[in-house]
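2 protein chains.
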Amino acid sequence: MRVFYKAPRLHVEAPLNEGAEIALTKPQAHHLINVLRLKTGAQILLFNGRDGEWLAQLINVDKRGARAQCESQIRPQPPAPQLIYCFAPLKSARLDYMVQKAVEMGAGVLQPVITQFTHNTQLNPAKIQASVIEAAQQCGLLTLPTISPTLKLTKLLETWQHERHLVFCDEILAEGENDALLTLTQLGKAPVGVLIGPEGGFSDAERQALRSQPFVTAISLGSRILRADTAAVAALALINAVFEY
Amino acid sequence: MRVFYKAPRLHVEAPLNEGAEIALTKPQAHHLINVLRLKTGAQILLFNGRDGEWLAQLINVDKRGARAQCESQIRPQPPAPQLIYCFAPLKSARLDYMVQKAVEMGAGVLQPVITQFTHNTQLNPAKIQASVIEAAQQCGLLTLPTISPTLKLTKLLETWQHERHLVFCDEILAEGENDALLTLTQLGKAPVGVLIGPEGGFSDAERQALRSQPFVTAISLGSRILRADTAAVAALALINAVFEY
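Sequence order for the protein chains is H and E.
Whatever position you read off the first sequence (first residue = 1), add 64 for the numbering used here.
Whatever position you read off the second sequence (first residue = 1), add 64 for the numbering used here.
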């Protein structure tokens, strides 16, 4: 059973250890002091992706900012999640959402992939990183997923490590392919990646190219047409449940 | 294998049958004519929740509006989805999103439930209905979920039909309760409802009340804290996969 602290949770860059004093960024200090109205002595939680989660106390709160002092580690650093989440970037707001959801659902690597019908081919890595940090702060993650450089789908398939399964959601499945749980269970316990297509889906040539790879598995998410961000959460939920990521 | 039409898809109230002429609403006509720039003769898809899906042709396109004439039924009306989706309403934008996602994931009934930590207790049914129609148009659904009157959680539990399972996502599970798929599979094939709590989760008293009901099953969606709308999609994905809704 896990203890929930209601304290605000912040990602920082600095090393965390007992007694360490951490300078908070201006936006962090502003949020704690002016929005949440916290005072010197208030408890917050800190993580940096390496040293687990720390209970810390606000010190030196004044108009110029605030610092926090680490008190005790309340969760050790867990192993980084291994799931590779490959996705065709959507436009702006839906992209933020898609990134947030992938982080919440435990992706270890975010891999943008350009497909034939991908709308958004110019990604802003800083914006994606901001969405990643926000989601990690909110959902209690202790590791930030890494963001890989954007690849074309052909390149992704060429460079994919064959011992890792790549699951993709195909709207058009043959008879007998439609039991997603059975299909995933039969993959066993190897490492997994998932590929979520753009709003327009994959082209026939892309579906052909995917299906011709020995490491690719097609699954169905049912007879409804899901939006790409919904499909992402649904696919990750099934993969997490089967592989216990 | 399913044929995908790229034509715009509209929900209408009128009966659909061969040759029927359907008056489109002003917003529908505006969207087709001024946004999508469709002309007389263009193909669209119509559904009303009762008569399946129809291929129709735009006729009488002019400044005042447009009509459509039904040509042929391309999908028969399927049985209505049986899943009851009980949810604590979130605030505005996230509520729209949560409703859309539930529709996309195949909920048959939307049941708003007021819990102790529910923020939004004043629902606008017309707004929810608009989100439902938009989602149904986009995701190829032929039945609109019905929207039930808001209930308090205590009332929901008192009036719940005992032969239907009620699955809820509990962040705090005992040892051995954490295999969601196994838990769901063991329920067998009875009808199912799912209950998604508010952002603050359920109170201890509510968790107690839920767990004391013979028809309630608690599942875990993993060790991460999911936002309520993410939890909704994840839970529905597992339930759909297990029960083949």
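Glycine included, C-beta positions come from ideal geometry on N, C-alpha and C.
Residue i and residue j look like a contact to me (Cβ under 8 Å); what is the Cβ gap, rounded to whole Å?
i      : j      : result
H:L174 : H:T214 : With a Cβ gap of about 10 Å, H:L174 and H:T214 do not count as contacting.
H:L220 : H:C150 : 6 Å
H:A305 : E:L245 : 5 Å
H:L80  : H:L102 : Incorrect: roughly 19 Å between the Cβ atoms, too far for contact.
E:A295 : E:I260 : 6 Å
E:N97  : E:V76  : This sequence places Ile at residue 97 of chain E; Asn is not what is there. In fact, because the Cβ distance is near 16 Å, the residues do not count as touching under 8 Å.
H:C203 : H:E235 : That belief does not hold up - the Cβ atoms of H:C203 and H:E235 are roughly 29 Å apart, past 8 Å.
E:F266 : E:T182 : Between E:T182 and E:F266 the Cβ distance is about 10 Å, and since that is not below 8 Å, they are no contact.
H:L74  : H:Q225 : With a Cβ gap of about 35 Å, H:L74 and H:Q225 do not count as contacting.
E:A132 : E:I108 : 6 Å
E:V231 : E:V196 : Not quite, the Cβ-Cβ distance comes to about 22 Å (not below 8 Å), so this is no contact.
H:I192 : H:V256 : About 22 Å; that fails the 8 Å criterion.
E:A152 : E:V177 : 6 Å
Flag residue i as yes when its Cβ comes closer than 8 Å to any non-hydrogen atom of the ligand HEM, and as no otherwise.
i      : result
H:N184 : Ligands are entirely absent from the displayed structure, and the ligand HEM is therefore not among its contents.
Counting only C-beta atoms, is residue i closer than 9 Å to chain E at any point?
i      : result
H:R310 : Because chain H spans 65 through 309 in this model, residue 310 of chain H falls outside it and cannot be assessed.
H:A292 : no
H:L285 : yes
H:Q202 : yes
H:L205 : yes
H:A71  : no
H:A194 : no
Going by DSSP, what residue range makes up the alpha helix (DSSP H) through residue i?
i      : result
E:S195 : 189 to 203
H:L122 : Counting along the chain, H:L122 falls outside any alpha helix (DSSP H), though it belongs to the beta strand (DSSP E) covering 117 to 126.
E:F111 : Unbroken run through E:F111 is the beta strand (DSSP E), 107 to 111; no alpha helix (DSSP H).
E:L61  : A question about residue 61 of chain E goes unanswered here, because the residues of chain E that appear run from 65 up to 309.
H:L217 : 217 to 223
E:P145 : E:P145 -> no alpha helix (DSSP H), and no H or E assigned at all.
E:E263 : Here E:E263 belongs to no alpha helix (DSSP H), and DSSP marks it neither H nor E.
E:A93  : 90 to 94
E:T247 : 244 to 250
Take the Cβ of residue i as the centre, count every other Cβ of all protein chains shown within 10 Å, and call the residue buried at 16 or more, exposed below.
i      : result
H:P145 : buried
H:H229 : buried
E:E117 : buried
E:T185 : exposed
H:R288 : buried
H:K165 : buried
E:R291 : buried
E:T104 : exposed
H:V67  : Residue placement at H:V67 is poorly supported in this model, since its pLDDT is 48, which falls under 50; the coordinates still yield a value, given next. Exposed, because fewer than 16 other Cβ atoms sit within 10 Å of the Cβ of H:V67.
H:A298 : buried
H:L159 : buried
H:E82  : exposed
H:T218 : exposed
E:M65  : Note that E:M65 scores a pLDDT of 34, beneath 50, so its modelled location is shaky; the value from the coordinates is reported in the next line. The residue is exposed, with fewer than 16 neighbouring Cβ atoms inside 10 Å.
H:A130 : buried
E:P140 : exposed
E:I86  : buried
H:Q272 : exposed
Closer than 9 Å, CB to CB, is residue i near chain H or not?
i      : result
E:A269 : no
E:L302 : yes
E:M169 : yes
E:C233 : no
E:C326 : Beyond the ends of chain E as shown, which are 65 and 309, falls residue 326 of chain E; an answer cannot be given.
E:L245 : yes
E:A299 : yes
E:V306 : yes
E:K165 : yes
Can you tell me where the beta strand (DSSP E) holding residue i begins and where it ends?
i      : result
E:H229 : 229 to 233
H:Q133 : 129 to 139
E:V280 : 280 to 283
E:I303 : E:I303 -> not in any beta strand (DSSP E); alpha helix (DSSP H) instead, spanning 292 to 307.
E:V173 : 173 to 178
H:R73  : 73 to 75
H:E85  : 85 to 87
E:L259 : 256 to 260
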